[in-house]
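Going by my numbering, 46 is the number at position 46 of the sequence shown; the sequence numbering is gapless.
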Amino acid sequence: MSMPAFQSTISPTSPEYLANHAAMSALVADLHTHLDAAASPGPDRHVATHISRGQLLARDRVSLVLDDDSPILELMPLAGLNQGDMTLGGSVIIALGLIKGTPCLVTVLKTLRAQEVARANRLPFVSLVQTAGANLTQQA
């Protein structure tokens, strides 16, 4: 069963279209700037310190847990935008991806909201936690 073709009345050379296109293009460029900032691992000196300690960067840890060919959908990457000196994404990475072919929600920090999303969508929840020397096997 085929659907009828949608006929557009938009004139891509009209002044109104050109103004709307320019305004939207500026907003999209701004969005990409914010998304790039949110995906940044931080200042070079912090990255160097992290790597010198033999630690993986947060997004590298997420990538290692997910299947090699898994698509990744990062949730809430712009949380905290325009909230003063808050870090974009709230210093948390929450990603939907595949682990052994099973859709999973993965976060590098334990967050209640991520757990609620996983529960509501009946997804396994995987949390990667870096401890400050505590032995998690001895925790109650």
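The beta-carbon is built from N, C-alpha and C at its ideal position, and this holds for glycine as well.
A distance below 7 Å separates the beta carbons of D67 and L98.
As a beta-bridge residue in DSSP terms, A95 pairs with E74, V106.
Annotation: G84 to L78 spans about 13 Å, alpha carbon to alpha carbon. If you draw a straight line from the Cα of P124 to the Cα of N82, it comes to about 32 Å.
If you draw a 10 Å sphere on the C-beta of I93, you find 16 or more other C-beta atoms in it, and that means buried. Note that the C-beta distance between A58 and V117 is not below 7 Å. Looking at the DSSP output, S127 shares a beta bridge with T107.
Around the CB of L96, 16 or more other CB atoms lie within 10 Å, so the residue is classed as buried. Rounded to whole angstroms, the gap between the alpha carbons of V65 and R122 is 19 Å.
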